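Student: Be aware that the sequence shown starts at 56, since it is given in this note's numbering, and climbs by one per residue. We put the beta carbon where it would ideally sit given N, CA and C, even for glycine. Computed from a prediction, not measured in an experiment: that's the story for all the values here.
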Amino acid sequence: MKTRSRVLVAFVVAAACCLGLTVSSALAKEFIANTFFPDKHPLAKYCYIQWAKDLEKASGGKLKAKVFTGTVLLEPRANLSGVRDGVAQVAYQAAMYTPADLPLANALQETGFAYSDPLVAMVAVTEFSMTNPQQLAEWKKAGIVYGGGYCTPGYCLMCTQPVRDMNEVKGKKLRTSGAANSRWAESVGAVPVNVPSSEMYTGLEKRSIDCATNVVSDLKDRSLWDVAKHTTLISLGMYWGGPKWGWNRDYWNSKLTAEERRIIFDVTAQAMANVYVGYQKAIDEALNQSAEHKVNIYEPGADLLQSLDRFNEANRSEVIKMVREKYKIEDPEPLLAEFAALNKKWHERFAQIDRKDAMAIGKIIKEELYDKIDAATYGR
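1. Assign T268 to one of three DSSP states: helix, strand, or coil.
2. Please state whether the Cβ-Cβ distance between M255 and A245 is less than 7 Å.
3. For G301, which option in L274, Q335, A396 and A197 has the closest C-alpha, if you only look at C-alpha atoms?
4. Which one of Q164, E373 and G203 has the shortest CA to CA distance from E182?
5. Go ahead and label L129 buried or exposed: buried means 16 or more other beta carbons lie within 10 angstroms of its beta carbon, across all protein chains shown.
6. Under a three-way DSSP split, which group does W302 fall into?
7. If you run the structure through DSSP and keep just helix, strand and coil, what is I318?
8. Taking one C-beta from the segment 412–432 and one from the segment 169–187 each time, how about it: are there three or more such pairs within less than 8 Å?
9. Buried or exposed: which applies to D321, given that a residue is buried once 16 or more other Cβ atoms fall within 10 Å of its Cβ?
10. On the three-state DSSP scale, how would you describe N249?
11. So for M293, helix, strand or coil by DSSP?
12. Considering only DSSP beta bridges, list what F123 is partnered with.
13. If distances are taken between C-alpha atoms only, which option among S278, K227, A155 and L274 comes closest to R262?
14. Closest Cβ-Cβ distance between N370 and chain D: below 7 Å?
15. Determine whether the beta carbon atoms of P131 and S278 lie at a separation below 7 Å.
16. For L74, count neighbouring Cβ atoms within 10 angstroms of its own Cβ and tell me buried if that reaches 16, exposed if not.
17. Tell me the start and end of each unbroken beta strand (DSSP E) in the segment 313–377 that is at least 3 residues and wholly inside, in chain order.
18. Looking only at C-alpha atoms, which of R371, V350, I318 and V330 sits nearest to D426?
19. Okay, do the segment 365–378 and the segment 158–176 touch, 3+ Cβ pairs below 8 Å being the bar?
20. With a Cβ-Cβ cutoff of 7 Å, do S184 and Y170 count as a contact?
21. Based on Cα-Cα distance, which residue from L229, I352 and R139 lies nearest to E241?
22. Note down, in chain order, each residue of its chain lying with its Cβ closer than 6 Å to the Cβ of D109, except the 5 sequence neighbours on either side.
23. Buried or exposed, going by whether 16 or more other CB atoms sit within 10 Å of the CB of M414?
24. Can you tell me the Cα-Cα spacing of R404 and I416, whole angstroms?
25. Report all residues from its chain with a CB closer than 6 Å to the CB of E260; omit the five preceding and five following residues, and keep chain order.
26. Can you list, in chain order, the residues of its chain whose CB lies under 8 Å from that of L288, leaving out five sequence neighbours each side?
27. Going by DSSP in three states, V243 sits in which element: helix, strand or coil?
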């Protein structure tokens, strides 16, 4: 009943917003964009709030996004259906919340422990998602058009008590994201708890979880330092599953011209660069300010690091089996090999780039990825 009520509220809000937006301007194309991250979070700040401003400017005021952040409009698990049903015209969807709809996107995420460079992985998964026929078919079946990707930096442990070694992690309830994180938690005797990132604060506060696995910038961006006073800087993989911008298919094909799609591509390329640079800055700020909030920062113990090495080694052989059994993808090897090749390609391309120069990074993403996508036919 609660879920149905929230969906009804979302439809009412969306309808009201659409009505207001329609009458406000006869010339502008105004649409609703949604992300469940809070507005200060890098994935909201750069990928939706700043992106919307840049889009309006680049289009001369023609493309105007009404941005909703947090869970006001849609809950994390409802973004895909919300876009498909027209509650929003574009939204972020974490693939882990809808594995039945996005099996291949989740399959790629199973390799999240195998890579360590968020810039490279972000662009690699975007190219794969916009060019691989099997992945494109998955987006189409789900009722969306993939507009661009993202990748978090490596996850760490933010806890209510010290978790620095194997003894301290055993039995702890860890909020995890995706199957790989959950399998690692089980391998060290912890208990994985699958809750949305929007519920980490409440879970830590009420002690329904002992630790949140997420990017350390969430100490500040989601105020986790109020309820998690112990952070261990162990790298527990990265997350890139699902579209950062998933567009309503009908809207993309019937309301946007090829010229407008090209503007969206250009602005999205820069937003991807902005969020990479912005994420690194947010991490530095959170760590630098953590002492003021009485947060203890630890390096992981040797036995905890060894557990991660053992898991990574075993996980390589487990991924293929899991992808076949869990996600029902019969021949995953070529798909995972293609993704690995794209990571290698972009690793070489970004090897000499100034990682603090968002404009230079955005130029490469635009010219070497988005400019090669046919805006007139993409998403049909």
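Tutor: On the basis of the supplied data:
1. Here T268 sits in strand by DSSP.
2. In terms of Cβ geometry, M255 and A245 do not form a close pair [threshold 7 Å].
3. Measuring C-alpha to C-alpha distances from G301 to each of L274, Q335, A396 and A197 identifies A197 as the nearest.
4. G203
5. Looking at its Cβ environment, which holds 16 or more other Cβ atoms inside 10 Å, L129 is buried.
6. strand
7. helix
8. In short, these stretches touch, since the Cβ pair count reaches three.
9. buried
10. coil
11. coil
12. In DSSP, F123 forms a bridge with N89.
13. For the options S278, K227, A155 and L274, the alpha carbon positioned closest to that of R262 is the one of K227.
14. The chain inventory of the structure shown lacks chain D, comprising one protein chain alone.
15. no
16. Because the pLDDT of L74 is 47, which lies under 50, any placement of that residue in the model is unreliable, and the question is left without a value.
17. Counting only unbroken stretches of 3 or more residues, the beta strand (DSSP E) elements lying wholly within the segment 313–377 are 351–353, in sequence order.
18. I318
19. Yes, the segment 365–378 is in contact with the segment 158–176.
20. no
21. L229
22. Excluding sequence neighbours, D109 sits near V322.
23. So M414 counts as exposed.
24. 10 Å
25. V282, listed in sequence order.
26. Answer for L288: C211, V271, I352, Y353, E354 and P355, listed in chain order.
27. coil
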